[in-house]
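K.L.:
Quick note on numbering: the sequence shown equals residues 1 to 251 in full-length UniProt numbering.
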Amino acid sequence: MKAILLLILPIIFSLASSAYNTVNINYNGHVIIYDTQSKELYIPPNARNLSINVKYVIENNTIILSSIPATISYYENFSGVISFSENFTSKIIIILPSYIKLSYISMSPISFKYYNDYFNLTFISKNITILYYVSGYTYTTEVSHNKISIFFIGFLVSLFSTTFLLFLLIKRNRVNINFEENTNTLDDRDKKIIEAIKNGADNLTRISEMTQLPRTTVYRRVKRLKSLGYLAEIREKGKVKYLVKGDKNEQ
1 MKAILLLILP IIFSLASSAY NTVNINYNGH VIIYDTQSKE LYIPPNARNL
51 SINVKYVIEN NTIILSSIPA TISYYENFSG VISFSENFTS KIIIILPSYI
101 KLSYISMSPI SFKYYNDYFN LTFISKNITI LYYVSGYTYT TEVSHNKISI
151 FFIGFLVSLF STTFLLFLLI KRNRVNINFE ENTNTLDDRD KKIIEAIKNG
201 ADNLTRISEM TQLPRTTVYR RVKRLKSLGY LAEIREKGKV KYLVKGDKNE
251 Q
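(1) So, are the CB atoms of Ile130 and Ile82 less than 7 Å apart?
(2) Where Ala201 and Ile207 are concerned, what is the direct C-alpha to C-alpha distance, given to the nearest angstrom?
(3) Looking only at DSSP bridge pairs, what is Lys241 linked to?
(4) Taking 6 Å as the limit between beta carbons, can you name the residues of its chain near Ser90, skipping five residues before and five after?
(5) In chain order, which beta strand (DSSP E) runs of at least 3 residues are fully inside the stretch 21 to 47?
(6) Across which residues does DSSP place Leu96 in a beta bridge pair?
(7) Between His30, Gly29, Asn28 and Ile43, which has its C-alpha nearest Lys239's C-alpha?
(8) Spatial neighbours of Lys223 within its chain, please: CB distance less than 8 Å, with the 5 preceding and 5 following residues excluded, ordered by chain position.
(9) Below 8 Å CB to CB, which residues in the same chain sit around Ser103 once its five sequence neighbours on both sides are set aside?
(10) Could you check where the alpha helix (DSSP H) with Glu209 kicks off and where it finishes?
(11) Just mark Asn49 as buried or exposed, buried being the case when its beta carbon has 16 or more other beta carbons within 10 Å.
(12) Helix, strand or coil for Ala70 per DSSP?
(13) Taking the alpha carbon of Glu209 as the reference point, which residue from Asn28, Leu41, Tyr27 and Pro45 has its own alpha carbon closest?
(14) Quick check on Leu41: buried or exposed, where buried means 16 or more other Cβ atoms within 10 Å of its Cβ?
(15) Under a three-way DSSP split, which group does Val218 fall into?
(16) Shortest alpha-carbon distance to Asn60 belongs to which of Arg215, Phe78, Glu236 and Val54?
(17) Taking residue 276 as part of the alpha helix (DSSP H), name the residues at either end of that continuous run.
(18) So Ser66 and Lys55 are supposed to be a Cβ contact under 8 Å. How far apart are they, rounded?
(19) Measure from the alpha carbon of Lys191 to the alpha carbon of each residue in Thr205, Val218 and Asn203, then state which is nearest.
(20) One question on the structure: do Thr211 and Ala232 come within less than 7 Å of each other, judged by their Cβ atoms?
(21) With distance defined between alpha-carbon atoms, name the residue in Ile64, Ser51, Met107 and Leu121 nearest to residue 301.
(22) Could you give the distance in angstroms between the alpha-carbon of Ile110 and the alpha-carbon of Lys226?
(23) Would you report the Cα separation of Ser108 and Ile93, rounded to the nearest angstrom?
(24) Roughly how many angstroms lie between the CA atoms of Glu76 and Lys245, to the nearest whole one?
(25) Just to confirm, is the Cβ distance from Leu96 to Phe119 under 7 Å?
Written out as C-alpha cells, the structure is:
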C-alpha cells in the first residue's frame, strides 16, 4: 500500500502544479513566467530585456500571447521591494541570497528551502510583496549553517511582526475611521500624487516613480484619496488603474 502511495503522490502533485502558471523571481531582477493558462500578462513599466518564445503583441503594458504554453522572461529593478501581481493564480518561486534581511512579507510561503547559499520561498497566489534590505556581509563557508538559522529566525520574526502590525492597524482603524473619513485636507504628498495621475501615471509603480515617493506611501495615499472621492479605481484586462474624479482635486 505504501509503495502504491509513493507512486501516486508525484502524479497527483504534478497534476496540481500544472493547474497554475509558474513564476520564478530572482533577487537580481530576473523574472521568468511559464504561462500555461492565461495568454494575457501584465508587464511592469520598468521591465527590460523582454524575451518571449511565441508571437505576441503589447497593449498598455499587457502582453497578449498568440499561443500557450509560453515562456516570458524579463528583468526588473526591485531596489528593496520585490512585487508581483497578475490576474491569475500562480506558483511563485522567489530566490534570495542568504545575506539579505526581510522586513515584510505579504503572505506566508507554502515552502521554504535552502540550497547553495540561496533561499527558495514558494507561494501560491495572484500577488506577493516582499520588502528587504542588505546588511554588511562577508562570505565565509564556516558560517553557512548559522546563516540558515539566522535567516529562519528573522523570517519567523518578520511573520510575527507583520501579523502583530496588522492587528494594531486594524484596531487603530476601527477607532479612527470616523476621524479619517472626515479629514478632507490634502497635504503636499496628496497633491503630488493627484498631479502625477493627471500627467498619465495611472498605476502605483508609475505614480511612485513620478512623485519619488515610496511605493508603500503611494499605496496608502491613493487608498485614502479614493475613499475621499478624489480618485476612481478601474480595472482593464486585469490591471488596476487610477483616474482623477472630475474637478474635485483642483485645490
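For each residue, glycine too, the CB sits at the ideal point set by N, CA and C.
P.N.:
Taking the coordinates as given:
(1) For the purposes of this step, residue 130 is taken as the residue at position 130 of the sequence shown. For the purposes of this step, residue 82 is taken as the residue at position 82 of the sequence shown. Contact: yes.
(2) Locating residue 201 in the sequence shown gives position 201, where the first residue counts as 1. Locating residue 207 in the sequence shown gives position 207, where the first residue counts as 1. Ala201 and Ile207: Cα-Cα distance of roughly 5 Å.
(3) Your numbering for residue 241 matches position 241 in the sequence shown. Under DSSP, Lys241 forms a beta bridge with Ile234.
(4) Taking the sequence shown and counting its residues from 1, one reaches residue 90 at position 90. Counting only Cβ-Cβ distances below 6 Å, and skipping sequence neighbours, we find Tyr20, Asn21 and Val23.
(5) Scanning the stretch 21 to 47 from its first residue to its last, the whole beta strand (DSSP E) runs of 3-plus residues come out as 21 to 26, 30 to 35 and 40 to 42.
(6) For the purposes of this step, residue 96 is identified with residue 96 of the sequence shown, where counting begins at 1. Beta-bridge pairing links Leu96 to Phe119.
(7) Here residue 239 refers to the residue found at position 239 when the sequence shown is read from its first residue. Among His30, Gly29, Asn28 and Ile43, the Cα nearest to that of Lys239 is on Ile43.
(8) Walking along the sequence shown from the start, residue 223 turns up at place 223. Correct list: empty, nothing qualifies.
(9) Within the sequence shown, the letter at position 103 stands for residue 103. Cβ neighbours of Ser103 beyond the five flanking positions: Leu131, Tyr132, Tyr133 and Ser158.
(10) If you number the sequence shown from 1, residue 209 lands on position 209. Unbroken alpha helix (DSSP H) run through Glu209: Leu204 to Thr211.
(11) Reading the sequence shown from its first residue, position 49 is the one you call residue 49. With fewer than 16 other Cβ atoms within 10 Å, it is exposed.
(12) The residue given as residue 70 occupies position 70 in the sequence shown. Looking at Ala70 - three-state DSSP - the assignment turns out to be strand.
(13) What you label residue 209 is simply residue 209 of the sequence shown in a count that begins at 1. Minimum Cα distance to Glu209 is reached at Pro45.
(14) Along the sequence shown, read from residue 1 onward, the residue named residue 41 stands at position 41. Leu41 should be labelled buried.
(15) For the purposes of this step, residue 218 is identified with residue 218 of the sequence shown, where counting begins at 1. Three-state result, Val218: helix.
(16) Here the question's residue 60 lines up with position 60 in the sequence shown. It is Glu236.
(17) Residue 276 cannot be examined here, being either before or after the span of the chain that is shown, 1 to 251.
(18) Here the question's residue 66 lines up with position 66 in the sequence shown. Here the question's residue 55 lines up with position 55 in the sequence shown. Contact annotation, Ser66 with Lys55: C-beta distance approximately 4 Å; criterion of less than 8 Å satisfied.
(19) If you number the sequence shown from 1, residue 191 lands on position 191. Cα-wise, what sits closest to Lys191 is Val218.
(20) Numbered from its first residue, the sequence shown carries residue 211 at position 211. Numbered from its first residue, the sequence shown carries residue 232 at position 232. No, they are not a contact pair.
(21) In the structure as shown, the chain starts at 1 and stops at 251, and residue 301 therefore has no counterpart that could be examined.
(22) Here residue 110 refers to the residue found at position 110 when the sequence shown is read from its first residue. Here residue 226 refers to the residue found at position 226 when the sequence shown is read from its first residue. One C-alpha to the other measures close to 33 Å.
(23) Within the sequence shown, the letter at position 108 stands for residue 108. Within the sequence shown, the letter at position 93 stands for residue 93. About 13 Å.
(24) On the sequence shown, position 76 is the one that residue 76 refers to. On the sequence shown, position 245 is the one that residue 245 refers to. The alpha-carbon atoms of Glu76 and Lys245 are separated by roughly 31 Å.
(25) Here residue 96 corresponds to residue number 96 of the sequence shown, with the count starting at 1. Here residue 119 corresponds to residue number 119 of the sequence shown, with the count starting at 1. Yes, these two residues count as a Cβ contact at 7 Å.
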